[in-house]
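In our numbering, each residue carries its 1-based index in the sequence shown increased by 51. Below is one structure, written out as structure tokens, with a few remarks after it.
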Amino acid sequence: MKTLYPWQTESWRALQGLRSRLPHALLLKGAQGIGKLDLALNFAQSLLCEKPNADGLACQKCNSCHWFGQNSHPDFRLIQPDALTAVEDGEEKPGSKKPSREISVDQIRDLSNFANISAHCGGYRIVVIHPTEAMNTNAANSLLKTLEEPSANLLFLLVTHKPQQLLPTILSRCLSVAVPTPTRENGAAWLAQQGVKHPEQALAQTGFAPLQALNWAESGEGAEERSILLAAIRQPAKMDALSLADSLQRSAPGYVIHCLQQWCHDLTSAKLTGKVRYFPEQTEEIIKLASGVTAVALMRFQKELFEARRAAFHPLNPKLFLESLLLSYRHLFPA
Ligand SMILES: [Zn+2]
């Protein structure tokens, strides 16, 4: 059973309120890492359940719940990029072809049989697509066709972190449900319950996405790179961009850029408003550093980071790529 998170009570109530008048497609939108997929799966299971509880949650006892728990419900499909499925199945083998980060047109076309037969259990047939923006253009057009000719009792639950990237024609065929990001207090309290040691810090690092924070804390992912990078950028005058790039070249470039973006966000924000968002423990230090940089230079560097992030999946030479960014950072400050 996927958890219903404490900050999703209102969203759950809103979804339950739609039970008797469901549209053909619901769009669950909100920040990444706040549990939208789990919410969608809970809702799907609840709609398929033979005897849901009074609060609408699935009973976990009936045949339908049993199939759902075994990922073998005949009236349910989860469509996501192979890259996500491979991570969940632990199937990412070194050396093998990289699984796709896109949802392909074949994955959507395969749905047409599913969409055109009647439900095995006589109720709904449900398709969850996650994240919907991972569909390539052909896949999106194929989905649009299906949405234009809806079948009875077929429900699409589209989960998206970036609704602005979806076709307007798809958006206009969905009923949108905004899934909220928890407040700092609620997010940190939940992380503390999960045994995360520095919950406020972990939460801030991920841009206030508790599931991502838990994932990073549990896997230790990026912790070492982050501390190497932070130690250096806190003292730009002493920073050696070349050797820093050398020690970071094996990390995911996207991760390094993400961390630099947060740091520069805080520098800019400290300069303009005296407040920081991602590095609350370093507030004083950031304000002091920011006093030596112009806002224009900071914004220019943020633009450079933004553009670098687009190219970050497969830089030709990761070391040079990082060197150039770190040198730009170094040059923001007086020598
Ligand atoms: Zn059930």
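Glycine included, each C-beta is placed from N, C-alpha and C at the ideal position. Remember, it's a predicted structure, so these values are computed and weren't measured experimentally.
How many angstroms separate the CA atom of residue i from the CA atom of residue j?
i, j, result
"residue 109", "residue 287", "54 Å"
"residue 69", "residue 359", "42 Å"
"residue 257", "residue 195", "33 Å"
"residue 296", "residue 357", "18 Å"
"residue 159", "residue 221", "14 Å"
"residue 266", "residue 102", "33 Å"
"residue 185", "residue 167", "24 Å"
"residue 154", "residue 64", "30 Å"
"residue 263", "residue 253", "9 Å"
"residue 66", "residue 81", "15 Å"
"residue 332", "residue 249", "11 Å"
"residue 355", "residue 379", "9 Å"
"residue 351", "residue 343", "15 Å"
"residue 124", "residue 104", "20 Å"
"residue 323", "residue 177", "48 Å"
"residue 326", "residue 368", "36 Å"
"residue 116", "residue 173", "15 Å"
"residue 157", "residue 199", "18 Å"
"residue 330", "residue 304", "20 Å"
Rounded C-beta distance between residue i and residue j? I'm assuming under 8 Å.
i, j, result
"residue 86", "residue 111", "Contact doesn't hold; Cβ gap of about 19 Å is too wide."
"residue 171", "residue 126", "6 Å"
"residue 208", "residue 79", "6 Å"
"residue 151", "residue 132", "6 Å"
"residue 292", "residue 226", "50 Å between Cβ atoms; not a contact."
"residue 261", "residue 238", "4 Å"
"residue 280", "residue 310", "6 Å"
"residue 276", "residue 299", "6 Å"
Would you say the beta carbon of residue i is closer than 7 Å to some non-hydrogen atom of ligand 1?
i, result
"residue 109", "yes"
"residue 113", "yes"
"residue 172", "no"
"residue 36", "Past the edges of the chain, shown from 52 to 386, lies residue 36, and the structure says nothing about it."
"residue 225", "no"
"residue 200", "no"
"residue 100", "yes"
What residues are listed by DSSP as bridge partners for residue i?
i, result
"residue 227", "78"
"residue 129", "179"
"residue 186", "154"
"residue 211", "80"
"residue 205", "176"
According to the neighbour-count rule (16 or more other Cβ atoms, all chains shown, within 10 Å of its Cβ), is residue i buried or exposed?
i, result
"residue 271", "exposed"
"residue 74", "exposed"
"residue 362", "exposed"
"residue 164", "exposed"
"residue 122", "exposed"
"residue 114", "exposed"
"residue 317", "buried"
"residue 206", "buried"
"residue 347", "exposed"
Chain D beta carbons: is any one of them nearer than 8 Å to that of residue i?
i, result
"residue 223", "Reference to chain D is not applicable here, since this structure consists of a single protein chain."
Looking at residue i and ligand 3, is the gap between the Cβ and the nearest heavy atom below 7 Å?
i, result
"residue 198", "With respect to small molecules bound, the structure shown includes ligand 1 and not ligand 3."
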